[in-house]
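Worksheet for the structure shown next.
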Amino acid sequence: MIRTGELAKDFRFGDLKGNSFMLSDLKGKKIMLSFFRNGACALCNLRIHELIRSFSELKDLIQILAIFESGKEDMLPFVGKQSPPFPLIPDPEAKIFDLYELESSPEKIKNSMNSEAVHEKIREAEQAGFPLRRQEGSNFDRLPAEFLIDENLVIRRVLYSELVGDHFSIEEIRKWISEKS
1400 MIRTGELAKD FRFGDLKGNS FMLSDLKGKK IMLSFFRNGA CALCNLRIHE LIRSFSELKD
1460 LIQILAIFES GKEDMLPFVG KQSPPFPLIP DPEAKIFDLY ELESSPEKIK NSMNSEAVHE
1520 KIREAEQAGF PLRRQEGSNF DRLPAEFLID ENLVIRRVLY SELVGDHFSI EEIRKWISEK
1580 S
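Each residue of the sequence shown is one higher than the one before, counting from 1400 in the numbering used here.
Here you go:
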């Protein structure tokens, strides 16, 4: 697992809009690297919705990168419809997921499905227009993760999810942004 204090692993990415970058191109900015399950994932779509709602206050303070274990064609009809003001990055072969040592765990997915907190998030997602659905060919056992990276590309906060709905709160992100690196 990646740990706090490590240098972020560099990678090239292309987003849904056709832009191509290296993570290292963002040196000098704070970065939130968010890994999601697949483009149709209800809880992932809810999180993107939450980030979009908070974007106006965060946009000048942090670069958000949202990476999905889906191809572009599997993202466009779902998460792509939200048109977030930050990059959505398809990673259908999970190369970036592997680079950042993300986990697939049938046991943790089962625990997630038995969690009242996750069921509450599922209800919230459905009310927001993101129904629970399975995306054909996706890795159903994938767990999300988030990394907060400073201006020197050093990882300062790490969250490997124990349940499918685990993410840094917007308040935690704000607090980290305001800290000195």
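Even glycine gets a Cβ: it sits at the ideal position worked out from N, Cα and C.
Query raised in the report: What alpha helix (DSSP H) runs, 4 residues minimum, are completely inside the stretch 1459-1518?
Result: Counting only runs of 4 or more, we get 1471-1474, 1494-1498, 1505-1512.
Report task. May I ask which residues mark the beginning and end of the beta strand (DSSP E) holding LEU1558? Result -> Locating residue 1558 in the sequence shown gives position 159, counting from the first residue. Counting along the chain, the beta strand (DSSP E) containing LEU1558 begins and ends at 1554-1559.
Query - Coil, strand or helix - ARG1452 by DSSP - result: Numbered from its first residue, the sequence shown carries residue 1452 at position 53. Helix.
**Report entry** Closest by C-alpha distance to VAL1517, when choosing among GLU1405, MET1400, ALA1441
**Finding:** For the purposes of this step, residue 1517 is taken as residue 118 along the sequence shown, with counting starting at 1. The option with the nearest alpha carbon to VAL1517 is ALA1441.
Query - Collapsed DSSP secondary structure at LEU1547 in the structure displayed - result: The count along the sequence shown starts at 1 and reaches residue 1547 at position 148. Looking at LEU1547 - three-state DSSP - the assignment turns out to be strand.
Query - Straight-line gap, ASP1414 to ASN1510 (C-alpha atoms, nearest Å) - result: Translated into the one-based positions of the sequence shown, residue 1414 becomes position 15. Translated into the one-based positions of the sequence shown, residue 1510 becomes position 111. Each residue's alpha carbon lies about 32 Å from the other.
Query raised in the report: With a cut-off of 8 Å, do at least 3 Cβ pairs link the stretch 1530-1539 to the stretch 1548-1564?
Result: Contact fails between the stretch 1530-1539 and the stretch 1548-1564, because fewer than three Cβ pairs, one in each stretch, are under 8 Å apart.
Query raised in the report: Among GLU1472, PRO1491, ASP1565, ILE1572, which residue has its Cα nearest to the Cα of GLU1515?
Result: Within the sequence shown, the letter at position 116 stands for residue 1515. It is ASP1565 whose Cα lies nearest to the Cα of GLU1515.
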